[in-house]
Amino acid sequence: MTTAIEQTTGGDGAGKQRPTPGDLFGHPRGLAVLFFTEMWERFCYYGMRALLVYYMTKYLFLAGQVEHVLGFAAVKGAIESVFGAQSPQQLSSQIYGLYTAFVYLTPLAGGILADRYFGQRRTVIVGGIIMAIGEFVLMVPSLFYVGLLLLILGNGAFKPNISTQVGSLYPPGDLRRDRAFNIFYVGINLGAFLAGIVCGTIGETYGWQWGFGAAGLGMIGGLVQYIVGLKHLAPDNVARRKEGKVHDDHPLTKVEWQRVFALVVLCILNVSFWAVYEQQGNTLALWADNNSDRHIFKLVGLGWEMPATWFQSVNPGFIFAFTPFINVLWERQAKKGTEPSSVTKMAIGCFVLGISFLVMLLPAKLVDRGGVASMWWLIGCTALLTLGEIYLSPVGLSLVTKIAPPRIVSLMMGFWLGSSFFGNYLSGFLGTYWEKMSHSAFFGMLAAISLATGVLMIVLYSPLKKAIGDENATSTAPVGGAGDT
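Residue numbers (numbering that gives the first Met the number 0): 0 to 484.
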């Protein structure tokens, strides 16, 4: 039997990993397969997201066009029955929030289906196909809501089951797991980076529908790459159950329930983080379009104005820049025994996210007085926002695969992603105050929410740490790894 890694135990009892000839840059080859699969899926998702608010406010929800959108009157009526009359910007913000929210609710169902019936592999493939179809449906303006529904359903099948397969590449106690999820997270953001530039430029220049079409083609490319690379992935839970390697007919133990409870608490705390973070595609997109001076080369007399959609690529660009340094930092801290726990890292992420919006207070005051702010304020805000994201999002994904009971790992990943359902909807709701508050007050509110969440994580650190136990001592991964034969 060959394995993706060999694990030895040093005199101190700590797990040490020695790469085998089958590894690629010190990690199983399956990580590269999942990296590029997720890259193209995120190209699909973020390509659509980069266009969504602009598409609604500049085209779809304008008189003469909106009357032809199937189901528009029903959706608008339902929203206004709760929140009152909505301007095009407010309605677009609500739709943005609802869409991005449900994208992260359906992974609960996708996780259950994968754990109990179809396995992660089949569920990923079906989800990717549905997402591609959804993008092509969006090319028909009258079917806008149908396309959104297909993307929501497809993402629900895809998202929780691609992430859990990363954890399955590593055996219990493998200290490379957090670093692996950071590498995987670069794949997510490489797709997002390309999406903002490619789909955004195509949509703004040649027509919104062609931007959606480009996103759909990206998803097809990801599926082809995934199917070709299946041989490098670890068997999923359904396959291992058929081989008799997984027995899940016994109830969860007390320790397992404690870990599930800890994950649920962290999911609840994550809601406010995502509510603030997701302003990138909502109010910050409006800020970039209406309140930022986007001229790049005016000092040398060229005066080229950068497309507003390109700002959606700034965040993933910083992911590429920061991740190698963060990985080196964490690796050095691990060797010294000073690497922060997952909960501490997540609290740091909330603090840095809050600081990123404090940075926007000065330019917001300028805009509130009728001026226009340099785009470098937004870029600086995004740099800090990205640093906060690196400390929270991939760490959370890794933590789920470490401590979730193996037989419900996809369900728990779906639950983790489901916390973004409430966060993304809250993001849309908060966005309705963009026109009701001064911009400085709005950014101050976002900073306060995120900073308060960080404080709450620190307060709850001790009981959460006790419930989680040694997060590196347990794992959902099959010990054989990706090369188990």
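Just so it is clear, CB atoms sit at the ideal spot from N, CA and C, and this is done for glycine as well.
Outcome for L496 when other beta-carbon atoms lying within 10 angstroms are tallied against a minimum of 16: An answer regarding residue 496 cannot be provided, because it is not within the stretch 0 to 484 covered by the chain.
Collapsed DSSP secondary structure at A403 in the structure displayed: Translated into positions along the sequence shown, residue 403 becomes position 404. If DSSP states are grouped into helix, strand and coil, A403 belongs with coil.
Rounded separation between G468 and K334 - CA only: In the sequence shown, counting from the first residue as 1, residue 468 sits at position 469. In the sequence shown, counting from the first residue as 1, residue 334 sits at position 335. Rounded to the nearest angstrom, the two C-alpha atoms are 20 Å apart.
Exposed unless 16 or more other CB atoms sit within 10 angstroms - verdict on R331: Here residue 331 refers to the residue found at position 332 of the sequence shown. Burial check for R331: the Cβ neighbour count within 10 Å stays below 16, so the residue is exposed.
Backbone CA spacing between F356 and M374 [nearest angstrom]: If you number the sequence shown from 1, residue 356 lands on position 357. If you number the sequence shown from 1, residue 374 lands on position 375. If I take the Cα positions, the gap works out to 14 Å.
8 Å contact criterion, which G210 and G199 should meet: CB distance rounded: As a first step, residue 210 is located in the sequence shown; it is residue number 211 there, counting from the start. As a first step, residue 199 is located in the sequence shown; it is residue number 200 there, counting from the start. That belief holds up - the Cβ atoms of G210 and G199 are roughly 7 Å apart, short of 8 Å.
Inter-residue spacing [alpha-carbon to alpha-carbon] between L50 and V394: Translated into positions along the sequence shown, residue 50 becomes position 51. Translated into positions along the sequence shown, residue 394 becomes position 395. Each residue's alpha carbon lies about 29 Å from the other.
Three-way DSSP call (helix, strand, coil) for I467 in this model: In the sequence shown, the residue the question calls residue 467 occupies position 468. Assignment of I467 by DSSP, reduced to helix, strand and coil, places it in the helix class.
Three or more C-beta pairs below 8 Å linking the region 51 to 61 and the region 217 to 226: no
First and last residue of the uninterrupted alpha helix (DSSP H) at N290: Within the sequence shown, numbered from 1, the residue matching residue 290 stands at position 291. Unbroken run through N290: none, as it is neither H nor E.
Y44 versus I129 - alpha carbon distance: Within the sequence shown, residue 44 is the residue found at index 45, counting from 1. Within the sequence shown, residue 129 is the residue found at index 130, counting from 1. Going from the Cα of Y44 to the Cα of I129 covers about 12 Å.
Backbone CA spacing between R505 and L410 [nearest angstrom]: Here the chain has residues from 0 to 484 only, and residue 505 is not among them.
E304 (DSSP reduced to helix, strand or coil): Along the sequence shown, one-based indexing puts residue 304 at 305. Of the three classes helix, strand and coil, the one that applies to E304 here is strand, per DSSP.
Test item: CB-CB of L232 and G413 under 8 Å: Here the question's residue 232 lines up with position 233 in the sequence shown. Here the question's residue 413 lines up with position 414 in the sequence shown. No, the pair does not count as a contact, with Cβ atoms beyond the cut-off.
Own chain residues within Cβ distance below 7 Å of A466, not counting five before or after: Reading the sequence shown from its first residue, position 467 is the one you call residue 466. Around A466: Q257, R258, F260, A261.
Minimum length 4: unbroken alpha helix (DSSP H) runs contained in the region 321 to 391: 341 to 357, 360 to 367
Of the residues T56, L104, G25, V68, the one placed nearest Y424, counting alpha carbons only: Here the question's residue 424 lines up with position 425 in the sequence shown. When only C-alpha atoms are compared, the closest one is L104.
Three-state class that DSSP yields for P87 in the structure shown: Counted from its first residue, the sequence shown places residue 87 at position 88. Here P87 sits in helix by DSSP.
Buried or exposed (CB count within 10 angstroms, at least 16 for buried), G70: Translated into positions along the sequence shown, residue 70 becomes position 71. Classification for G70: exposed.
Three-way DSSP call (helix, strand, coil) for H249 in this model: Counted from its first residue, the sequence shown places residue 249 at position 250. Note: H249 maps to coil in three-state DSSP.
Nearest neighbour of A72, chosen from V366, E40, F143, H26 [CA to CA]: Taking the first residue of the sequence shown as 1, we reach residue 72 at position 73. Of V366, E40, F143, H26, the smallest CA-CA separation from A72 is found for F143.
Cβ-Cβ distance between T400 and G166 below 8 Å: As a first step, residue 400 is located in the sequence shown; it is residue number 401 there, counting from the start. As a first step, residue 166 is located in the sequence shown; it is residue number 167 there, counting from the start. Yes; because the gap between Cβ atoms is below 8 Å, this pair is in contact.
Coarse secondary structure for P315, derived from DSSP in three states: Taking the sequence shown and counting its residues from 1, one reaches residue 315 at position 316. P315 falls in the helix class under three-state DSSP.
Beta carbon of F321 nearer than 8 Å to that of I407: Position 322 of the sequence shown, counting from 1, holds the residue named residue 321. Position 408 of the sequence shown, counting from 1, holds the residue named residue 407. Not a contact, by the Cβ cut-off of 8 Å.
Every unbroken alpha helix (DSSP H) within the region 54 to 85, with a cutoff of 4 residues, ordered by chain: 71 to 82
Residue from G202, Y169, G109, E134 whose Cα sits closest to the Cα of W309: The residue labelled residue 309 in the question sits at position 310 within the sequence shown. Minimum Cα distance to W309 is reached at G202.
Sub-8 Å separation of G146 and L137 beta-carbons: Sequence index remark: in the sequence shown, residue 146 carries index 147 (1-based). Sequence index remark: in the sequence shown, residue 137 carries index 138 (1-based). For G146 and L137, yes; Cβs fall inside 8 Å.
Nearest candidate by alpha-carbon position, reference Y169, set C349, D235, L90, L360: Stepping through the sequence shown from its first residue, residue 169 is reached at position 170. When each option's Cα is compared against that of Y169, the closest is D235.
Beta carbon of G46 nearer than 8 Å to that of A213: Start at 1 with the first residue of the sequence shown, and residue 46 comes out as number 47. Start at 1 with the first residue of the sequence shown, and residue 213 comes out as number 214. Yes, they are a contact pair.
Residue span of the alpha helix (DSSP H) that contains T105, given as start and end: On the sequence shown, position 106 is the one that residue 105 refers to. First-last for T105: undefined, no H or E at that position.
Rounded separation between Y98 and V52 - CA only: As a position in the sequence shown, residue 98 is number 99, starting the count at 1. As a position in the sequence shown, residue 52 is number 53, starting the count at 1. Taking the straight line from one Cα to the other gives about 11 Å.
Three-state secondary structure (DSSP) of P27: Along the sequence shown, one-based indexing puts residue 27 at 28. P27: strand per DSSP, three-state reduction.
Assigned secondary structure, V275 (DSSP; H/G/I helix, E/B strand, else coil): Position 276 of the sequence shown, counted from the start, is the residue given in the question as residue 275. Note: V275 maps to helix in three-state DSSP.
Close beta carbons around Q208, own chain, < 6 Å, minus the five adjacent residues each side: Residue numbering aside, residue 208 sits at position 209 when the sequence shown is read from its first letter. Closer than 6 Å at the Cβ level, and outside the excluded window around Q208, lie M138.
Of the residues S92, K75, G76, T163, the one placed nearest I111, counting alpha carbons only: Taking the sequence shown and counting its residues from 1, the one referred to as residue 111 is at position 112. Ranking the options by Cα distance to I111, first place goes to T163.
Close-in-space but distant-in-sequence residues of the same chain around K464 (CB under 8 Å, 5 per side omitted): In the sequence shown, the residue the question calls residue 464 occupies position 465. The residues are S340, V342.
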